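K.L.:
First, the structure itself, so that you have it in front of you.
There are 2 protein chains.
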Amino acid sequence: MKVKCKIWFEENGGVAFADGRRMLLEAVERLGSLNAAAKELGMSYRAAWGKIKATEKALGIKLLEVTTGGKGGGGATLTSEAKELISKYKKYTGRITVLMEKEFKRIFENEKSQ
Amino acid sequence: MKVKCKIWFEENGGVAFADGRRMLLEAVERLGSLNAAAKELGMSYRAAWGKIKATEKALGIKLLEVTTGGKGGGGATLTSEAKELISKYKKYTGRITVLMEKEFKRIFENEKSQ
DNA sequence: ATTCATTATGTCTTAAAAGACACAATGTTG
DNA sequence: CAACATTGTGTCTTTTAAGACATAATGAAT
Numbered sequence: 001m002k003v004k005c006k007i008w009f010e011e012n013g014g015v016a017f018a019d020g021r022r023m024l025l026e027a028v029e030r031l032g033s034l035n036a037a038a039k040e041l042g043m044s045y046r047a048a049w050g051k052i053k054a055t056e057k058a059l060g061i062k063l064l065e066v067t068t069g070g071k072g073g074g075g076a077t078l079t080s081e082a083k084e085l086i087s088k089y090k091k092y093t094g095r096i097t098v099l100m101e102k103e104f105k106r107i108f109e110n111e112k113s114q
Numbered sequence: 001m002k003v004k005c006k007i008w009f010e011e012n013g014g015v016a017f018a019d020g021r022r023m024l025l026e027a028v029e030r031l032g033s034l035n036a037a038a039k040e041l042g043m044s045y046r047a048a049w050g051k052i053k054a055t056e057k058a059l060g061i062k063l064l065e066v067t068t069g070g071k072g073g074g075g076a077t078l079t080s081e082a083k084e085l086i087s088k089y090k091k092y093t094g095r096i097t098v099l100m101e102k103e104f105k106r107i108f109e110n111e112k113s114q
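Chains A and B are the protein sequences, given in the same order. Position 12 (the first sequence) corresponds to 12 in my numbering; numbering is contiguous. Position 110 (the second sequence) corresponds to 110 in my numbering; numbering is contiguous.
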């Protein structure tokens, strides 16, 4: 038996941010474009854009700095708020993952501690 | 912003046990009947039974000791494996909830620790 | 043997989430 | 000022999960 966990952030009831959106934002940061990021993750641009918008609305912060026109047609980069969110999110989920594994061993696999 | 978490157990890929099923089993223990437990939780007997069966199959353990016939028509009680599962599950999720809250405060609300 | 409230199970319907399709808007570059 | 690859957005379709409906089976009590 294995323990699994899904961690997400909420603001007034709606899902705001979780692992899929973290990956999406990281791809945008790396590729400089939401369109390219969506392609890399195998999702439609429409879906990717919708998730970003949903998070922006839920948390009330701006995640992407976008431009249109120009040689590449435009692009998107992360705002400092987005970078901070990713950074804290990764720190948090990483820490929780470690703790969950540790507690799982303690409670489910170490008989003497029951 | 609030952090949320769903914890569940898996065995070879399938969802095995989570909070809804814990509540269902606790209601069975209290009421002595799966039918009554389903009613109390506002779900159909069919749905409740299906969840119990799915968990039993996934974890390979028997959760309910059932009888049919007699004055009350029959009933169900928890096996010792079910009781142990509930006990460890509650201990585990309780501990994780505390740790998550603590880490959340540390990373998202305590600026000096970044 | 009849009754009765339960367990047991197949199948159908509905609700919700995710994704696809189509098309408009942008604005820099050449 | 035309071209182009991007962003922006409404709507439709598909997929999937959850629940409802119907109906059989059980077996102690009477």
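Glycine included, C-beta positions come from ideal geometry on N, C-alpha and C. Since the model is a prediction, treat every value here as computed from it, not as a measurement.
1. Starting from alanine 76 (chain B), follow the alpha helix (DSSP H) in both directions and report where the run begins and ends.
2. Which full runs of the beta strand (DSSP E) of 3+ residues lie inside the region 27 to 71 of chain A, going along the chain?
3. Looking at C-alpha atoms only, which residue of B:Thr67, B:Lys83 and B:Arg46 is the closest neighbour of isoleucine 61 (chain B)?
4. Exposed or buried, arginine 21 (chain A), counting other C-beta atoms within 10 Å across all chains shown (16 or more means buried)?
5. Please confirm whether glutamate 81 (chain B) has its beta-carbon closer than 8 angstroms to some beta-carbon of chain A.
6. Using 10 angstroms around the beta-carbon of lysine 53 (chain A), count the other beta-carbons present and answer buried if the total reaches 16, otherwise exposed.
7. Could you check the C-alpha separation between glutamate 65 (chain B) and tyrosine 89 (chain A) for me, to the nearest Å?
8. Go ahead and pull the three-state DSSP assignment for alanine 16 (chain A).
9. Let's see if you can read the secondary structure: which residues bound the beta strand (DSSP E) around phenylalanine 9 (chain B)?
10. Which bits of chain B does isoleucine 107 (chain A) rub up against, with CB to CB less than 7 angstroms?
11. Do you know offhand how far phenylalanine 108 (chain B)'s Cα is from serine 87 (chain A)'s?
12. Closer than 8 angstroms is the cut-off here; do at least three beta carbon pairs connect the region 31 to 43 of chain A with the region 15 to 33 of chain B?
P.N.:
Well, looking at it:
1. Indexing the second sequence from 1 puts residue 76 (chain B) at position 76. That residue, alanine 76 (chain B), is in no alpha helix (DSSP H); its beta strand (DSSP E) goes 74 to 78.
2. 64 to 68
3. Counting from 1 along the second sequence, the entry for residue 61 (chain B) is found at position 61. The shortest Cα separation from isoleucine 61 (chain B) among B:Thr67, B:Lys83 and B:Arg46 belongs to B:Lys83.
4. Here the question's residue 21 (chain A) lines up with position 21 in the first sequence. With 16 or more Cβ atoms within 10 Å of its Cβ, arginine 21 (chain A) is classed as buried.
5. Translated into the one-based positions of the second sequence, residue 81 (chain B) becomes position 81. Not an interface residue.
6. The count along the first sequence starts at 1 and reaches residue 53 (chain A) at position 53. When all chains shown are included, lysine 53 (chain A) counts as exposed.
7. Here residue 65 (chain B) corresponds to residue number 65 of the second sequence, with the count starting at 1. Here residue 89 (chain A) corresponds to residue number 89 of the first sequence, with the count starting at 1. Looking at the two C-alpha atoms, the distance is approximately 44 angstroms.
8. Against the first sequence, residue 16 (chain A) aligns to sequence position 16. The answer is strand: DSSP assigns alanine 16 (chain A) an E or B state.
9. Looking up residue 9 (chain B) in the second sequence gives position 9. Unbroken beta strand (DSSP E) run through phenylalanine 9 (chain B): 2 to 11.
10. Your numbering for residue 107 (chain A) matches position 107 in the first sequence. Under the 7 angstroms cutoff, chain B gives Lys88, Lys91 and Tyr92.
11. Translated into the one-based positions of the second sequence, residue 108 (chain B) becomes position 108. Translated into the one-based positions of the first sequence, residue 87 (chain A) becomes position 87. So the alpha carbons of these two residues sit roughly 11 angstroms apart.
12. no
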